[in-house]
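In the working numbering, the protein residues as written are 341 to 471.
C-beta: ideal position from N, C-alpha, C; glycine also.
Bear in mind that the values here come from a model prediction, so they are computed numbers and not experimental data.
What follows is a set of notes on a single structure, which appears directly below.
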């Protein structure tokens, strides 16, 4: 389930990446969350931020095809509902990135209004562990 349509900004020096996700009524969650009032689940907003962060990590030298796994989701706040027709802007700034661990702050917004913010931490298993 891909939650990022495209990357629109990438700045390795600033440790920052921005992705975009267009929200549509045809997505699997829209029929049942909630019937008659489709609202993008908060967990999928966090997943979209995590996928944006994963693109940043994948662009760094030395990571190859290794995949990060959630270690923690902290300081998470949901401040606005996200509905079909919205365009979710996914901005992540890395706070730490080592060979086995990373952490970043993500903000998902619609039209400049914060919908979700979270600090995401992940571990990166050694190459070959998840095969």
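Under the three-state reduction of DSSP, residue 387 is assigned to helix.
Annotated three-state conformation of residue 469 is coil, per DSSP. Given a length threshold of 4 residues, each whole run of the alpha helix (DSSP H) inside the segment 373 to 450 is given here in chain order: 382 to 398. For residue 427 against residue 347, the beta-carbon gap comes to about 14 Å, at or over 8 Å, which does not count as contact. Our two residues, residue 442 and residue 458, have alpha carbons roughly 14 Å apart in a direct line. If you compare the alpha carbons of 404, 419, 395, 452 with that of residue 444, the shortest gap goes to 395. If you look at residue 460, you'll find it in the beta strand (DSSP E) that goes 453 to 463.
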